[in-house]
Ligand code: SF4
Ligand code: SF4
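Pasting the structure below:
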């Protein structure tokens, strides 16, 4: 099903989605764009390249309370924090970020014990993917095409949006996406020309130019295995790293978290918060021993997890080439360049 709406009526579409549940969409903020829960349909702003933070927080909030309790009470009296989810619409997700959810699903749904918080949010959410503008050059840090993701790739989206002049084309990709498009009667039927434009754009997006190198996942994984003990390589690669963790917080496929209890005035909360393997105390053990005291060990962990251990264990590289880590790093450490240097080492 292909529908369309005038671009200047996007806020009307946003209002319709808000009437059906929770809308999360890009908004313009002082530092750049970010996904936020929308309280006023006029906030939705699709004039962005990509957001500063990825949209993973729609499923894995940076901070989330699980349990509340009172000090001195029995553990049976602790109360679970209910999710109370409404249907949710995650609107304007770029193709690389849409693909990241499929990688995250491996960890939160498909292996071991499913994470009910991630799983329930995924089930409640309809993803409106949004093609990059093929008339605008990719940001220099991006390399998603090297990981097999097109600039107008509908994979991972329920509805996929491509702008055609003053109109937005919306195609249902999954039954969930088809359903929501059928329910919004203010959308117009698209023409055969629109359908051709949509298909041509998806195809053109496959040869869109970002930074590129041939990433043969098993070969890259093996290369990093061979380099693991090459301390000179890792010290050079990590030179200048501040262990600030920004690269992991902005990353759509980084999912490390910590669980901590916070007690205040006799009331307690068990809380999940994002953590990062780049932090100095990430691997600090209760004994006081820390197996990764050196910066190079931590950067090696991050890179090898994404490009070696993940490939060996699950198949795909755990990186979608969105370029955020490179754009955000205060000392310009660039994961694409690390992979490139590893392959040439
Ligand atoms: S490692 Fe960097 S380029 Fe890869 S997905 Fe994470 S932020 Fe994007
Ligand atoms: S953003 Fe850069 S400096 Fe900060 S931890 Fe990551 S690689 Fe190191």
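Numbering (my numbering), first residue to last: 1473 to 1817. Positions of the beta carbon are idealized from the N, C-alpha and C atoms, including for glycine. Quantities reported herein were computed from a predicted structural model and do not represent experimental measurements.
Closer than 8 angstroms to chain B by CB, residue i
| i | result |
| --- | --- |
| residue 1705 | The structure shown has no chain B; it contains just one protein chain. |
When the options are compared against residue i, the one with the closest alpha-carbon
| i | options | result |
| --- | --- | --- |
| residue 1588 | 1504, 1616 and 1536 | 1536 |
| residue 1515 | 1635, 1694 and 1490 | 1490 |
| residue 1815 | 1675, 1695, 1799 and 1504 | 1695 |
| residue 1593 | 1699, 1532, 1727 and 1602 | 1532 |
| residue 1527 | 1496, 1799 and 1484 | 1496 |
| residue 1571 | 1482, 1521, 1557 and 1792 | 1792 |
| residue 1474 | 1480, 1550 and 1663 | 1663 |
| residue 1737 | 1675, 1665, 1541 and 1807 | 1541 |
| residue 1800 | 1614, 1573 and 1500 | 1614 |
| residue 1545 | 1740, 1669, 1509 and 1667 | 1740 |
| residue 1687 | 1765, 1665, 1606 and 1789 | 1789 |
| residue 1561 | 1577, 1485, 1806 and 1733 | 1485 |
| residue 1488 | 1655, 1548 and 1782 | 1655 |
| residue 1567 | 1689, 1623 and 1590 | 1623 |
| residue 1709 | 1813, 1635 and 1608 | 1813 |
| residue 1785 | 1678, 1575 and 1606 | 1575 |
| residue 1590 | 1513, 1722, 1693 and 1534 | 1534 |
| residue 1476 | 1759, 1807, 1670 and 1732 | 1670 |
Nearest-angstrom Cβ-Cβ length linking residue i and residue j, presumed shorter than 8 angstroms
| i | j | result |
| --- | --- | --- |
| residue 1673 | residue 1616 | That pair is no contact at about 16 angstroms. |
| residue 1523 | residue 1498 | 6 angstroms |
| residue 1745 | residue 1729 | 6 angstroms |
| residue 1538 | residue 1610 | With a Cβ gap of about 39 angstroms, residue 1538 and residue 1610 do not count as contacting. |
| residue 1525 | residue 1506 | 5 angstroms |
| residue 1767 | residue 1809 | That pair is no contact at about 17 angstroms. |
| residue 1677 | residue 1625 | 6 angstroms |
| residue 1653 | residue 1659 | 6 angstroms |
| residue 1783 | residue 1690 | 6 angstroms |
| residue 1722 | residue 1796 | 4 angstroms |
One or two residues paired with residue i in a DSSP bridge
| i | result |
| --- | --- |
| residue 1590 | Note: residue 1590 sits in no beta bridge, so no partner. |
| residue 1551 | 1540 |
| residue 1535 | 1745 |
| residue 1661 | 1475 |
| residue 1562 | 1496 and 1599 |
Near ligand 4: residue i beta-carbon under 7 angstroms from a heavy atom
| i | result |
| --- | --- |
| residue 1803 | Among the ligands modelled here, namely ligand 1 and ligand 2, ligand 4 does not occur. |
Spell out a yes or no on whether the stretch 1766-1779 and the stretch 1740-1752 are touching, meaning 3 or more CB-CB pairs, one atom from each, closer than 8 angstroms. yes
State whether the stretch 1693-1713 contacts the stretch 1644-1651, with contact taken as three or more CB pairs (one from each stretch) at a distance under 8 angstroms. In short, these stretches do not touch, since the Cβ pair count stays below three.
Secondary structure, alpha helix (DSSP H): runs of 4+ residues fully inside the stretch 1703-1787: 1703-1709, 1718-1721, 1767-1776 and 1782-1786
Indicate whether the contact test is met: 3 or more Cβ pairs, each with one atom in the stretch 1578-1596 and one in the stretch 1633-1643, closer than 8 angstroms. no
Could you tell me which uninterrupted alpha helix (DSSP H) segments, each at least 4 residues in length, are contained entirely in the stretch 1593-1645, listed from first to last along the chain? none
Three or more C-beta pairs closer than 8 angstroms, one from the stretch 1626-1636 and one from the stretch 1593-1605: is that the case here? yes
Within the stretch 1474-1545, ranges of the alpha helix (DSSP H) (whole runs, at least 4 residues): 1482-1492
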